[in-house]
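As structure tokens, the structure follows; a few thoughts come after it.
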Amino acid sequence: MGGSQVNQALVRLYFEMRDGLRDPLAAWAKLTGNSQLYQRSRGERRVPLDDATAAELTAAAIAYTAACHGAEHVAALATSPLAPLVGGLGGAVLTEHPCAPEQVLGPRFSGPGPDDWARAAHVLLWGENNRLVRSADTPWVIAGRYKGQKVVAIGTHPTRLSDETLVVRPGTDGALAMAMGHVLLKEFFLDRTPFAAHAMERTDLPFLVRLRERESGFVPGGLTGGAYGRLSLYGAEAVEVLLPRFDDGPGILRRGVPVLRDGGELVTTVFDLLLAAYGVARPGLPGVWPGGYEDRAQPYTPAWQEAYTGVAASRALKTARELGVTAEKTGGRCVIVPGRLETPHADTAYRAMLALLVLTGCGGGWAQAGHDGVPLVPYLCLHACGEDRSDVGALSWALAEGLFARRSARSVLLEAVAAGWPMAPPPRVLALPRPIYPLPPGVDLLIGPDEHCDLSPPDPELVAETLAKLSGETVPAEPAGPAGAGRMRLLVDHAWMHEYGEALPTYRPPGLGLPVKPTQLVR
509 MGGSQVNQAL
519 VRLYFEMRDG
529 LRDPLAAWAK
539 LTGNSQLYQR
549 SRGERRVPLD
559 DATAAELTAA
569 AIAYTAACHG
579 AEHVAALATS
589 PLAPLVGGLG
599 GAVLTEHPCA
609 PEQVLGPRFS
619 GPGPDDWARA
629 AHVLLWGENN
639 RLVRSADTPW
649 VIAGRYKGQK
659 VVAIGTHPTR
669 LSDETLVVRP
679 GTDGALAMAM
689 GHVLLKEFFL
699 DRTPFAAHAM
709 ERTDLPFLVR
719 LRERESGFVP
729 GGLTGGAYGR
739 LSLYGAEAVE
749 VLLPRFDDGP
759 GILRRGVPVL
769 RDGGELVTTV
779 FDLLLAAYGV
789 ARPGLPGVWP
799 GGYEDRAQPY
809 TPAWQEAYTG
819 VAASRALKTA
829 RELGVTAEKT
839 GGRCVIVPGR
849 LETPHADTAY
859 RAMLALLVLT
869 GCGGGWAQAG
879 HDGVPLVPYL
889 CLHACGEDRS
899 DVGALSWALA
909 EGLFARRSAR
919 SVLLEAVAAG
929 WPMAPPPRVL
939 ALPRPIYPLP
949 PGVDLLIGPD
959 EHCDLSPPDP
969 ELVAETLAKL
979 SGETVPAEPA
989 GPAGAGRMRL
999 LVDHAWMHEY
1009 GEALPTYRPP
1019 GLGLPVKPTQ
1029 LVR
């Protein structure tokens, strides 16, 4: 007997079926015909099982489920040992983290490995980290500092392994990131243009956006599908656009953008909209704009963020300039290492942080742990589909269309599944890396360390070998093929993002909010 543990009722029934049919796949097919027999006994006694049999049981469940119900019904959390195997089969690799990196950098983005940190010239350790634990990547940060690397730690309790620390109030990281973006746009896109070529070739900044008339102004619509010949339309006719503001309640910002007429529609560029969203003024444009970096009333200036984050305006200005100058001189060798952000709107904050890398040509510098080449699906339908009284429409901005008004998170998520959105359907085989409650009901095989799971995680190599024997073909350990190349997106063009006023980077202050947001489904 090995180290595996299995639900006593499940293993007894499996042996009865297998001994009679002499075929693991047929045994599992017959067993799942009445799976309530062992599902009712979850949380009861588990008994030891040899590793080979545990791998056989797991492989039979995966192979049968993939053949009869589709590979997408086999799921594993990204941190589970079985995640690479499940991803290689075309199953759902789930994540509990916000999907901002995929929204901005594209699906299957590949960030730097830990060894790349040592070659980076500038590193931002951004977000809360466990100060009592030295991670496996810590030596690479130390190696980089020997080469003159600048390390800046940002968070509520930032690490001491840095040249400089910025202590921000919990949940306000997005405000600091927006203020840094304001500085980068002003000094590296208007005053000088060192990143203009990068922006034209590798981002969506020159793309044209339709404007829709709304309440004595215009709101961003959708992309027209093509890029303009330059970043800005500045010098043409100008109109006021209405943009969301959440720092002072669900308010509205009125900012001018230059426009062209495309048939019967007004269009502007993503870059012009971005300048308006960040409050970077240009002469002759209508609207209410900040008077400079010292303006505390208008977002998103360095002085404005000081009241929220507690970081002095001068330090925010200095950090932004150092990031921009370093990226310019080194060809984009800057890295952000994201930590945990204690806010229900973490995905919005991450997008504001990612915008700093996109603007400075450091799109490969988002050092987020994950499986290279494995698409991550939000782990929402598994734990958020219980009945609740939440009103996700409360997250919308002041001029929303009411798409989610008086609707619960459950109804929105179920609609997303029915519409074929890229999230996992209810799994029939699920591998968890740690106890997660409430456990999803109706799962045929639940693999995890907790006693409420059917089976403790077996050896992935044994499972892969057994699965290859059962299916008669080699099972890849992870999906093949390079990540798709494409432009990085600062405008997430989807109706749901427009409904929440988050199609462009914005700041949402910490608050009650909701633990999950439907916008995390967007790819």
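Residues are numbered in this note's numbering as their position in the sequence shown, beginning at 1, plus a constant of 508.
For glycine and all other residues, C-beta sits at the position ideal for the given N, C-alpha and C.
{"query": "Within 8 Å, do at least three Cβ pairs link the stretch 691-706 to the stretch 786-794?", "result": "yes"}
{"query": "Evaluate the contact criterion for the stretch 933-942 versus the stretch 588-603: three or more CB pairs, one atom per stretch, below 8 Å.", "result": "yes"}
{"query": "Return the CA-CA distance between P766 and E909, expressed in angstroms with no decimal places.", "result": "25 Å"}
{"query": "With DSSP as the reference, please indicate the residues paired to W1004 in a beta bridge.", "result": "In the DSSP output, where bridge partners are listed per residue, W1004 has none listed."}
{"query": "I think V749 touches L783, with their Cβ atoms under 8 Å apart; what is that distance to the nearest whole Å?", "result": "With a Cβ gap of about 11 Å, V749 and L783 do not count as contacting."}
{"query": "Give, in chain order, every unbroken run of the beta strand (DSSP E) that is at least 3 residues long and sits entirely within the stretch 933-957.", "result": "937-939, 953-955"}
{"query": "Is DSSP giving A567 helix, strand or coil here?", "result": "helix"}
{"query": "Below 8 Å on the Cβ atoms is my contact criterion, and I expect G689 with V676 to pass it. Report the Cβ-Cβ distance as a whole number of Å.", "result": "Actually they do not touch by this definition, with Cβ atoms about 15 Å apart."}
{"query": "Pick helix, strand or coil for A586, following the three-state DSSP scheme.", "result": "coil"}
{"query": "With C-beta atoms as the reference, is Q876 less than 7 Å away from P846?", "result": "yes"}
{"query": "Please list the terminal residues of the continuous beta strand (DSSP E) segment that includes P752.", "result": "745-753"}
{"query": "Given a threshold of 16 other Cβ atoms within 10 Å of its Cβ, counted over all protein chains shown, does N515 qualify as buried or as exposed?", "result": "buried"}
{"query": "Touching or not, the stretch 855-863 and the stretch 1002-1014, by the rule of three or more beta carbon pairs under 8 Å?", "result": "yes"}
{"query": "Excluding the 5 residues flanking M686 on each side, which residues of the same chain have their C-beta closer than 6 Å to its C-beta?", "result": "Y808, A860, Y1015"}
{"query": "For V819 versus A628, is the C-beta spacing smaller than 7 Å?", "result": "no"}
{"query": "Under the rule that 16 or more other beta-carbon atoms within 10 Å means buried, what is E709, buried or exposed?", "result": "exposed"}
{"query": "Straight-line CA distance for E450 to T868?", "result": "Residue numbering for the chain in the displayed model covers 509 to 1031; residue 450 lies beyond these limits and cannot be assessed."}
{"query": "Quick check on the burial criterion: 16 or more other C-beta atoms within 10 angstroms. Buried or exposed for A913?", "result": "exposed"}
{"query": "Please name the residue in V660, E973, R997, P1018 whose C-alpha comes closest to that of A563.", "result": "E973"}
{"query": "When the Cα of P609 is compared with those of D712, L998, A1003, G1019, which residue comes out closest?", "result": "L998"}
{"query": "Classify H577 as helix, strand or coil using the three-state DSSP reduction.", "result": "helix"}
{"query": "Flag this pair as yes or no: are the beta carbons of A857 and G682 separated by less than 7 Å?", "result": "yes"}
{"query": "Starting from the N-terminal side, write out each stretch of the alpha helix (DSSP H) that is 4 residues or longer and does not extend beyond the stretch 722-793.", "result": "778-786"}
{"query": "Is it a yes or a no for the stretch 743-758 touching the stretch 719-732, going by three-plus beta-carbon pairs under 8 Å?", "result": "yes"}
{"query": "I need the DSSP call for G832, collapsed to helix, strand or coil.", "result": "helix"}
{"query": "Could you spell out the range, first to last residue, of the beta strand (DSSP E) harbouring V675?", "result": "672-675"}
{"query": "Considering Cα atoms alone, identify which of D527, L674, A626, R553 is closest to T817.", "result": "L674"}
{"query": "Three-state secondary structure (DSSP) at G1019?", "result": "coil"}
{"query": "Less than 7 Å between the beta carbons of G795 and R841, yes or no?", "result": "no"}
{"query": "So what's L508 in DSSP terms, helix, strand or just coil?", "result": "Missing from the structure shown is residue 508; the chain here goes from 509 to 1031 and no further."}
{"query": "Assign L713 to one of three DSSP states: helix, strand, or coil.", "result": "coil"}
{"query": "According to the Cβ coordinates, are A568 and W536 closer than 7 Å?", "result": "yes"}
{"query": "When burial is assigned at 16 or more other CB atoms within 10 Å of the CB, is L545 buried or exposed?", "result": "exposed"}
{"query": "Work out the CA separation of G832 and S919 for me, nearest whole Å.", "result": "43 Å"}
{"query": "Looking at the unbroken alpha helix (DSSP H) that takes in A629, where does it start and where does it end?", "result": "Premise fails: A629 is in no alpha helix (DSSP H) and is neither H nor E."}
{"query": "So, helix, strand or coil for L602, using DSSP?", "result": "strand"}
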